[in-house]
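Trainee: The structure follows.
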Amino acid sequence: MPEPRVLHALHAGTRVLVLPNAWDVITARLFEDAGFPAVATSSAAVANALGYTDGRALPLDLHLATLERIVRGAGVPISADFENGYADAPEEVAENVARLAATGVSGFNFEDTKAPGGLYSVEEQVARLRAARDAAPSLFLNARTDVFLENIGPEPVRFATAALRLRAFVDAGADGVFVPGVADRDTIARLVAVTSRPLNVLAGPSTPDVLTLAHLGVRRVSVGSSPMRRTLGILREIAHELRDEGTFGFTRQSSVSFADANALVARG
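Each residue of the sequence shown is one higher than the one before, counting from 3 in the numbering used here.
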């Protein structure tokens, strides 16, 4: 499996690191086969695929076992979406992150949203980040704030709140910072300016293209559960065709062949 330093180096290149989000071995392999130098996971996609809702409902043991299978099946660095570390207390975060590192992932997202909602205070999250950092010093720690995603606080102060948190997260040892929920160019550029670490944005319908994001200074972009939900949309269309038309038109549309699907998971 690739060393974590490979993922670190990808953030230092001249191009934006575009990370597609997989949810099992074959989806990770498909993205790898398409030429992506690293692949991320989506916690929502992994949870949904295994029969759980997003938001730490997926049992930790099952999540870690799934990540281990993805790492073993892929030949590129894997960055795991590890939600809030499955714990509140720093010492429990450290234990869980140590177990995460043992799966072979090269990095992880670590968010500041509590269960069932709201944000950890800056002081709480800094302590949690330091515990995570100490537990897995070689992994790329991508510290996420959900200020914009969850619309925390009055709109006029959200940027200042996010900036304060990002600076604190960097001081606590974050290798990168992740701010989902922003798409307008001005806000993205301002977020780039307030942190010394690579900024990760989450792509959505209104997000500028990769070339524009690069011009704004973004270093990493991920797509979350969008690929999984688009795939579900196709499956729903197939289901409706079978139910309503009794036809098999989907079998004549573009797809991965039986042989290619097997080849994707037939790693030596």
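Every residue, glycine too, gets a C-beta built ideally from N, C-alpha and C. The model shown is predicted, which means the values in this text are computed figures rather than measured ones.
Grab me the residues of Ala265's own chain with a C-beta within less than 8 Å of its C-beta, minus the 5 sequence neighbours each way, in chain order.
Mentor: Residue numbering aside, residue 265 sits at position 263 when the sequence shown is read from its first letter. Hits under 8 Å: none found.
Trainee: With a threshold of 9 Å between beta-carbons, can Asn50 be considered close to chain B, or not?
Mentor: The question asks about chain B, but that chain is absent: this structure has only one protein chain.
Trainee: I think Val212 touches Val18, with their Cβ atoms under 8 Å apart; what is that distance to the nearest whole Å?
Mentor: Along the sequence shown, one-based indexing puts residue 212 at 210. Along the sequence shown, one-based indexing puts residue 18 at 16. Their Cβ separation, rounded to whole angstroms, is 5 Å, which keeps Val212 and Val18 in contact under 8 Å.
Trainee: Quick check on DSSP: helix, strand or coil for Phe171?
Mentor: As a working note, residue 171 is residue 169 in the sequence shown. If DSSP states are grouped into helix, strand and coil, Phe171 belongs with the helices.
Trainee: Mind checking whether Ser44 and Phe142 have CB atoms under 9 Å apart?
Mentor: Residue numbering aside, residue 44 sits at position 42 when the sequence shown is read from its first letter. Residue numbering aside, residue 142 sits at position 140 when the sequence shown is read from its first letter. Contact flag unset, no.
Trainee: Return the CA-CA distance between Val184 and Val203, expressed in angstroms with no decimal places.
Mentor: Sequence index remark: in the sequence shown, residue 184 carries index 182 (1-based). Sequence index remark: in the sequence shown, residue 203 carries index 201 (1-based). Cα to Cα, Val184 sits roughly 7 Å from Val203.
Trainee: Using the rule of at least 16 other Cβ atoms within 10 Å of the residue's Cβ for burial, across every protein chain shown, is Gly206 buried or exposed?
Mentor: Taking the sequence shown and counting its residues from 1, the one referred to as residue 206 is at position 204. Burial state of Gly206 is exposed, judged by a 10 Å Cβ sphere holding fewer than 16 other Cβ atoms.
Trainee: Can you check which of these residues, Thr253, His65 and Pro118, is closest to Ala104 by C-alpha distance?
Mentor: Here the question's residue 104 lines up with position 102 in the sequence shown. When only C-alpha atoms are compared, the closest one is His65.
Trainee: DSSP on Leu143, reduced to helix/strand/coil?
Mentor: Counting from 1 along the sequence shown, the entry for residue 143 is found at position 141. DSSP places Leu143 in strand when its eight states are reduced to three.
Trainee: Does the beta-carbon distance from Asp114 to Asp148 come in below 9 Å?
Mentor: Taking the first residue of the sequence shown as position 1, residue 114 is located at position 112. Taking the first residue of the sequence shown as position 1, residue 148 is located at position 146. A contact, by the Cβ cut-off of 9 Å.
Trainee: May I have the straight-line CA-CA distance separating Ala14 from Ala241, to the nearest angstrom?
Mentor: Within the sequence shown, residue 14 is the residue found at index 12, counting from 1. Within the sequence shown, residue 241 is the residue found at index 239, counting from 1. Looking at the backbone, the Cα of Ala14 and that of Ala241 are separated by about 44 Å.
Trainee: How big is the Cα-Cα spacing for Gly87 and Asp262?
Mentor: Here residue 87 refers to the residue found at position 85 of the sequence shown. Here residue 262 refers to the residue found at position 260 of the sequence shown. Rounded to whole angstroms, Gly87 to Asp262 spans 36 Å at the Cα level.
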